[in-house]
Each structure stands twice: as C-alpha cells, then as structure tokens.
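Heads up: the sequence shown is residues 66 to 244, going by our numbering.
First comes the structure, then the notes that go with it.
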Amino acid sequence: MPIAALRSISDHMDEIVRHVKAKRLAAEVARADKAFHFRYFKGLRPEKIGRALVRKIIDKEIIAEPGHELFANLLIIHWNEGHAKLYEEMVTHVRTINEDVEAIERIEDEMAHAIIDDLLLRHAQVDILLCVRLNGVRFDEELVQSRLVRGEPRPAGDAPAGDAPAGEGAPADAAAPAE
Numbered sequence: 066m067p068i069a070a071l072r073s074i075s076d077h078m079d080e081i082v083r084h085v086k087a088k089r090l091a092a093e094v095a096r097a098d099k100a101f102h103f104r105y106f107k108g109l110r111p112e113k114i115g116r117a118l119v120r121k122i123i124d125k126e127i128i129a130e131p132g133h134e135l136f137a138n139l140l141i142i143h144w145n146e147g148h149a150k151l152y153e154e155m156v157t158h159v160r161t162i163n164e165d166v167e168a169i170e171r172i173e174d175e176m177a178h179a180i181i182d183d184l185l186l187r188h189a190q191v192d193i194l195l196c197v198r199l200n201g202v203r204f205d206e207e208l209v210q211s212r213l214v215r216g217e218p219r220p221a222g223d224a225p226a227g228d229a230p231a232g233e234g235a236p237a238d239a240a241a242p243a244e
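Here's what the structure looks like:
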C-alpha cells in the first residue's frame, strides 16, 4: 500500500521530498535494510546525502516496479512528521467515526465533506490531498477527485449537518501511516 499511495501522488513527489530529512532517512535505511543502504548510500559522507539523491532513489525504487516498501513507508513517515498538525487533526476526525481507524471501510460523503471543510480552514488543499492519499483515508474516490484534486466546493445539496468537531480530525490509516 505505501508504494501505491506514493505512486498515486507522483505529480506531487517534490512536495513529499521537501519534508524528508535525508541524513536521518539514510540512517534509518541503514538500520533496517543494509543492502538497500549500500546500494544508494555506501561511501557517501552524511553531508553529501541530500534531497536530490532521495529524489533519484524515489524514481528508481518507488515509481519504477516493483517498489521498495520500507523506503516508501519511511517517506510517508517523514511527510507525516512534517505535517504533524494536519495528520493529528485528520486522526482526530476519523476517530470520531470509529476509535479503531483500521476498522473503517468507508467514510460517508457527508462526514468526508465535513472533515475536508474543517481542514481547509487551516491547511492547504494539496496537503489534505497528500494526507488522504498517503494515509489511506477511506473517502470515496470521486469525492477526493472533486474536492481535493479539482478543488470543487461541497455540492449545494450537501449542507453541513453534524459536522465533525472543529479543530479535530483523522485518516483511516492514521494510526498506521502505511502498511
């Protein structure tokens, strides 16, 4: 899932990379997958490891088949940490639906609109889109396309009723950013 999530937002990959702490990412990879670390980081001084290298690795290991799941998970974790406030708000919103966010199969459109409306008060539309995609928030795909990709307003017939509490929010996979 993390590979598919990153591929689904490949047009925004530079935004993802902007929030990666490259030296820390290399250290995390070294602890978890030595072969991967040697393939890309062997012999490099820590100060030479930058976002440009991370972007090249993404093109080879995420965008191309078959994909490297650990690396994808680490990228998602770094993005979530860089957007901690948005992530926490999304988690809070989703937990109002079901405390066990993993058990949520689908978030009803009315609730999804309320969550998006609330988050748009404080966060950029593209950031909400990335949060939804990277964390597997279970909004209807057409709703995501209309509200977060095309930026359309809430449909006129969908008046806010029982909005999620202001200042609170949460994605379906919020507790576990990636599988």
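Positions of the beta carbon are idealized from the N, C-alpha and C atoms, including for glycine.
Please list the segments of the beta strand (DSSP E) lying wholly inside the segment 117-167, counting only runs of 3 or more residues, in order along the chain. none
Considering only residues of the same chain and omitting the five flanking positions on each side of Asp-192, which have a CB-CB separation below 7 Å? Closer than 7 Å at the Cβ level, and outside the excluded window around Asp-192, lie His-148, Leu-151.
Can you tell me whether Phe-204 is buried or exposed, with buried defined as 16 or more other CB within 10 angstroms of its CB? buried
Under a CB-based cut-off of 8 Å, is Arg-116 close to chain D? Here there is only one protein chain, and chain D is not present.
Simplified DSSP state of His-102, which is helix, strand or coil: helix
Should Glu-218 go down as buried or exposed, given a rule of 16 or more other Cβ atoms within 10 Å for buried? Note that residue 218 is Pro in the sequence shown here, rather than Glu. Flag for Pro-218 reads exposed.
So, at 6 Å on beta carbons, what are the nonlocal neighbours of Gly-132 in its own chain, with the 5 sequence-adjacent residues on each side left out? Taken in chain order, the residues that qualify are Ile-68.
Is the segment 103-120 touching the segment 162-178 in the sense that three or more CB pairs, one from each, lie closer than 8 Å? no
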